[in-house]
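A.B. asks: Before I ask anything, let me first share the structure, which is written out below as structure tokens.
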Ligand code: NAP
Ligand code: HSE
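Residue numbers (the working numbering): 34 to 359.
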């Protein structure tokens, strides 16, 4: 059958989804049994020039998107609202949703999941570590394990900046500019460099693992913006590297969380995580310590996670379709 896909937002991530849907349409059809076509794209500024397929229906009104009756919505806009309102409306109409928006999902993910009927798919792999499939690993492949600790690098921009400062001696401002040009940093990079972005991702992991989040106000949060050249040099002198680390520990129902720069010796697993990569180490009661590493930001990596979510949703839907008897 034909699946009508709408894309909300056409920045770094939205463009990536658009490109993969066009470039990989045959592979996607083989995987899902469905022909996926883009039925509409929502943006803010209709006058902006965009590398978009010529006949694409472009609008700045969400109601227009609903009126073209999408089967699935890829959401790649910024901030809690109007994203939450849009996705709530979509779910109420039985539309599958796949989002990359961690600011919205950290706050409203539980509500969206609760609103969705069993036949509505919700994908949020891209909210945390972009295309590095930590959500899939924890939700599907480690269900019987009790995770007692998560130690992770969750912000690609911060790790990119730290690597450029430490290994290449670049100033903070140069490294941040590069991260923006590469599409890693948010349009307003405050969330990246002040630790908010890693915090939202950590809250999404907490919700997934423990079905609850710590009180946000009690979580110590520090970004890399306050680090000085001297801090970097001191770590170097000691043979260490500073990494921006998000930590969750779980003990008898109590969750402790923190987000902050930490100086690691070369023996630590997160010492060698360079550039835009993220890494997540989980300690589990049955499987022991497992680390997942990969690109944590960027157009292709993030769009890849969203397309993988869509493939799973469509495959699940296909499995539920009534079989025709001959
Ligand atoms: P971006 O380049 O700033 O693009 C945002 C897009 O959303 C723009 O096309 C903008 O429209 C549109 N938009 C924003 N607010 C809107 C609204 N209220 N109504 C309609 N359209 C709206 O951002 P991005 O890097 O693609 O990121 C998109 C989302 O994915 C964010 O939530 C981000 O945190 C998340 N994410 C990003 C990455 C990454 O590596 N970049 C990775 C994982 C997750 P205009 O073009 O008209 O301004
Ligand atoms: N700005 C985010 C980062 C994008 O640098 O990690 C990925 O969520």
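Glycine included, each C-beta is placed from N, C-alpha and C at the ideal position.
1. Which same chain residues, not among the five before or five after residue 233, have their C-beta less than 7 Å away from its C-beta?
2. What are the boundary residues of the alpha helix (DSSP H) that residue 270 is part of?
3. Going by alpha carbons, who is nearest to residue 7 out of 246, 238, 200 and 190?
4. Using 8 Å as the Cβ pair cut-off and three pairs as the minimum, do the stretch 104-113 and the stretch 205-212 touch?
5. Measure the CB-CB distance between residue 69 and residue 62 and report whether it falls below 9 Å.
6. Counting only beta-carbon atoms, is residue 290 nearer than 9 Å to chain B?
7. Determine, using beta-carbon pairs with one atom in the stretch 172-190 and one in the stretch 279-298, whether at least three such pairs fall under 8 Å.
8. Whose CA, out of 179, 160, 287 and 74, lies closest to the CA of residue 252?
9. Roughly how many angstroms separate the alpha carbons of residue 161 and residue 263, rounded to a whole number?
10. Do the CB positions of residue 130 and residue 101 come within less than 9 Å of each other?
11. Can you tell me whether residue 58 is helix, strand or coil according to DSSP?
12. What does DSSP give as the partner residues of residue 290 in its beta bridges?
13. Quick one: what's residue 216 bridged to in DSSP?
14. Which partner residues of residue 295 appear in the DSSP bridge assignment?
15. Given that a residue counts as buried once 16 or more other Cβ atoms are within 10 Å of its Cβ, and exposed if not, what is residue 174?
16. My output table needs one value for residue 359: the three-state DSSP class, helix, strand or coil.
17. Pull the bridge partners of residue 39 from the DSSP assignment, please.
18. Whose CA, out of 180, 165 and 78, lies closest to the CA of residue 316?
19. Less than 9 Å between the beta carbons of residue 336 and residue 52, yes or no?
20. Using a 10 Å radius around the Cβ and a threshold of 16 neighbouring Cβ atoms, would you call residue 334 buried or exposed?
21. Counting only the same chain and skipping the five closest in sequence on each side, list residues whose C-beta sits under 7 Å from that of residue 347.
22. Verify whether the separation of the beta carbon atoms of residue 326 and residue 293 is less than 9 Å.
23. Whose CA, out of 206, 329, 155 and 85, lies closest to the CA of residue 257?
24. Examine the ligand HSE and report whether any of its heavy atoms sits within less than 8 Å of the Cβ of residue 211.
25. Quick one: Cα of residue 359 to Cα of residue 38, how far?
26. What residue ranges within the stretch 198-243 form continuous alpha helix (DSSP H) runs of no fewer than 4 residues, ordered along the chain?
27. Could you name the residues that DSSP lists as bridge partners for residue 322?
28. Which of helix, strand or coil does DSSP assign to residue 328?
29. Decide if residue 166 is buried, meaning its Cβ has at least 16 other Cβ atoms within 10 Å, or exposed.
C.D. replies: In short, the structure shows the following:
1. Excluding positions up to five away in sequence, the list reads 135, 136 and 139.
2. 262-270
3. Limits of the chain in this structure are 34 at one end and 359 at the other, which puts residue 7 out of reach.
4. no
5. yes
6. The question asks about chain B, but that chain is absent: this structure has only one protein chain.
7. Contact check between the stretch 172-190 and the stretch 279-298: three or more CB pairs, one atom from each, fall below 8 Å, which counts as touching.
8. 287
9. 31 Å
10. It is not a contact, given that the beta carbons lie outside the stated cut-off.
11. The three-state reading of DSSP puts residue 58 in helix, counting H, G and I together.
12. 281
13. Looking at the DSSP output, residue 216 sits in no beta bridge, so it has no partner there.
14. 276
15. exposed
16. Low confidence applies to residue 359: its pLDDT is 47, below 50, so where it sits in the model is not reliable, and the reading given next is rough at best. Assigned with DSSP and collapsed to three states, residue 359 falls in coil, not helix or strand.
17. Residue 39 pairs with 73 and 106.
18. 180
19. yes
20. buried
21. 36, 65 and 67
22. no
23. 206
24. no
25. Low local confidence applies: a pLDDT of 47 at residue 359 is under 50, so the model's placement there is unreliable, and no value is given.
26. 205-214, 223-226 and 229-243
27. Residue 322 is bridged to 316.
28. strand
29. Flag for residue 166 reads buried.
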